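Letter 133 of the sequence shown, counting from 1, is numbered 143 in our numbering, and no numbers are missing. Note that the Cβ used here is the ideal one computed from N, Cα and C, for glycine as well. None of these values were measured; they are calculated from a predicted model.
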Amino acid sequence: MRKNIVAGNWKMNLNRSEGLTLVEDVLSKLPVDNKTHVILAPSFVYLYKVAKMCSDIPKVVAASQDCSANEKGAFTGEVSASMIASCSARYVVLGHSERRTNFTETNELLKTKVGQVFANDLKVIFCCGESLAQRENGVHFDWIKSQISESLFHLSVEEFKNIVIAYEPIWAIGTGVTASTDQAQVVHAFIRNLLVEKYGNEVAEGTSILYGGSCQPNNAIELFSQKDIDGGLIGGASLNADDFVAITQSF
Ligand code: PEP
Numbered sequence: 011m012r013k014n015i016v017a018g019n020w021k022m023n024l025n026r027s028e029g030l031t032l033v034e035d036v037l038s039k040l041p042v043d044n045k046t047h048v049i050l051a052p053s054f055v056y057l058y059k060v061a062k063m064c065s066d067i068p069k070v071v072a073a074s075q076d077c078s079a080n081e082k083g084a085f086t087g088e089v090s091a092s093m094i095a096s097c098s099a100r101y102v103v104l105g106h107s108e109r110r111t112n113f114t115e116t117n118e119l120l121k122t123k124v125g126q127v128f129a130n131d132l133k134v135i136f137c138c139g140e141s142l143a144q145r146e147n148g149v150h151f152d153w154i155k156s157q158i159s160e161s162l163f164h165l166s167v168e169e170f171k172n173i174v175i176a177y178e179p180i181w182a183i184g185t186g187v188t189a190s191t192d193q194a195q196v197v198h199a200f201i202r203n204l205l206v207e208k209y210g211n212e213v214a215e216g217t218s219i220l221y222g223g224s225c226q227p228n229n230a231i232e233l234f235s236q237k238d239i240d241g242g243l244i245g246g247a248s249l250n251a252d253d254f255v256a257i258t259q260s261f
């Protein structure tokens, strides 16, 4: 059975003390019988500390928000997958639309990054999703298919088991506009069907597909009740412990 996952993407928010207080709050508010896999993606700067704070807590781990496409060397300011692994993180978020847009990350570059992540025994949360113009022009399915196939479909069945997909329509990220449950479910089912065609039923049924885009406590239950929505990648609401914990318990 696939995992229910809620991941918090802090983006470039919170200083060290605010971030560590948020982790303490989240951990103290999670119920003792928490069944959801919870992932916290802070800035690289606090990644080690956050990972250590979570290390004794069942089902809670840390992720980085990105990694370098290079193994090591003269890449000033970059952070390698090996550095991330050495900080006890377990996941790397790749291909967030903000990185695709602001840092011109291509499907090809992300394919290389996936290789770095796997070379260091980490897992990937792979983001995909269309712009409003692409949706209005009816090209969103083709777009999402190319994002996934060009960055991930070189992977073997065994490797693919370490992929989590996050469908994040760009028009819903940070806008307060959430995709309707139907809109989200249709795309999630489309993605799962892509996986059936490429990797077969077992992999497709075992892959967690998260929804991201203005997910809040007041819409998470309905979104997560959909057949192919296995949780969320949460931006803004992950900065508030009460909201984030409520979303983690929305299954
Ligand atoms: C995100 O950045 O991944 C995201 C989903 O943001 P928000 O929840 O703020 O829309």
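- Rounded to the nearest angstrom, the gap between the Cα atoms of residue 39 and residue 29 is 15 Å.
- Between residue 104 and residue 124, the beta carbon gap of about 7 Å places them in contact (Cβ cut-off 8 Å).
- Distance from the CA atom of residue 12 to the CA atom of residue 240, rounded to whole angstroms, is 8 Å.
- With a cutoff of 7 Å, residue 74 does not count as near ligand 1, since its C-beta is closer than that to no heavy atom of the ligand.
- Look at residue 164 here: in three-state DSSP terms it is coil, with no helix or strand label.
- Taking 8 Å as the upper bound for CB-CB distance, residue 156 and residue 117 are in contact here, some 7 Å apart.
- Counted as a single uninterrupted DSSP element, the stretch harbouring residue 106 is not any alpha helix (DSSP H), since DSSP gives it neither H nor E.
- By the Cβ-count criterion, residue 26 is exposed, with fewer than 16 other Cβ atoms from all chains shown falling within 10 Å of its own Cβ.
- Shown here for residue 216: same chain residues with a beta carbon closer than 7 Å to its own, the five before and five after excluded, namely 12 and 171 in chain order.
- Bounds of the alpha helix (DSSP H) holding residue 129 are 117 to 129.
- Cβ-Cβ distances below 7 Å link residue 193 to nothing in the same chain once the five nearest sequence neighbours on each side are left out.
- Looking from the CA of residue 55, the closest CA among 48, 22, 32 and 31 belongs to 22.
- In the three-state scheme derived from DSSP, where H, G and I count as helix and E and B as strand, residue 18 is classed as strand.
- For the pair residue 91 and residue 49, the CB atoms are not nearer than the 8 Å cut-off.
- The beta carbon of residue 255 sits closer than 7 Å to those of 36, 39 and 40, all from its chain and outside the five residues before and after it, given in chain order.
- Around the beta carbon of residue 68, fewer than 16 other beta carbons sit within 10 angstroms, so the residue counts as exposed.
- Taking one beta carbon from each stretch, the stretch 178 to 195 and the stretch 220 to 227 have 3 or more pairs nearer than 8 Å; the two touch.
- Taking 3 residues as the minimum length, the beta strand (DSSP E) runs contained wholly in the stretch 54 to 111 are 70 to 74 and 101 to 104, in order along the chain.
- A straight-line Cα-Cα distance of about 17 Å links residue 34 and residue 73.
- Look at residue 189 here: in three-state DSSP terms it is coil, with no helix or strand label.
- One thing to note: residue 71 has its Cβ no nearer than 8 Å to the Cβ of residue 110.
- Taken through DSSP and simplified to helix, strand or coil, residue 50 comes out as strand.
- Distance from the Cα of residue 102 is smallest, within the candidate group 76, 84 and 82, for 76.
- About 16 Å separates the beta carbons of residue 160 and residue 150, which is beyond the 8 Å limit, so they are not a contact pair.
- Here the alpha carbon of residue 64 sits roughly 19 Å from the alpha carbon of residue 242.
- In this structure, residue 183 has its beta carbon less than 7 Å from a heavy atom of ligand 1.
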